[in-house]
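Student: Taken in order, the sequence shown gives residues 2 to 114; the numbers are from the numbering used here. The following block contains the structure, expressed as structure tokens.
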Amino acid sequence: MKETKRGKSAGTDDLPAELFLNLGKKAISTLLFLYNIIWNTHVPSEWRKAIIIPILKPHKPPENPSSYRPVSLTNACCKLMERMVTNRLNYFLETYNKIPDFQAGFRKKKKYH
2 MKETKRGKSA
12 GTDDLPAELF
22 LNLGKKAIST
32 LLFLYNIIWN
42 THVPSEWRKA
52 IIIPILKPHK
62 PPENPSSYRP
72 VSLTNACCKL
82 MERMVTNRLN
92 YFLETYNKIP
102 DFQAGFRKKK
112 KYH
């Protein structure tokens, strides 16, 4: 939750990311319980939906469709769970040296050669 960025637009659930920064211990425990149920059953169908917003690229003509890049606004609860899974996978892969050294892209504390 510490990695949650402030000021981001709400997704399909209309929940701002900042909501998770102010949760108490009981709410965090309840959220973790919910995530464990989801992990052991299935991902909610609502989490598979996104609001796509076209963003104009700098210095590009607005009348050209290729001048836009899509930004997906997704469910805040889903994003938080995705981050938790990513962090756990990265921890495992780095701790047990499961990624070769030449694979440096998108890894923390790795230098590009």
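Beta carbons: idealized from backbone N, C-alpha and C, even for Gly.
Taking all protein chains shown into account, decide if Asn65 is buried (16 or more other Cβ within 10 angstroms of its Cβ) or exposed.
Tutor: exposed
Student: May I ask you to report which of helix, strand or coil DSSP gives Ser10?
Tutor: coil
Student: Residues bridged to Leu74 by DSSP?
Tutor: Ile52
Student: Grouping DSSP H, G and I as helix and E and B as strand, with all else coil, what is Leu16?
Tutor: coil
Student: Which partner residues does Leu32 have in the DSSP bridge list?
Tutor: Its beta-bridge partners do not exist; DSSP assigns none.
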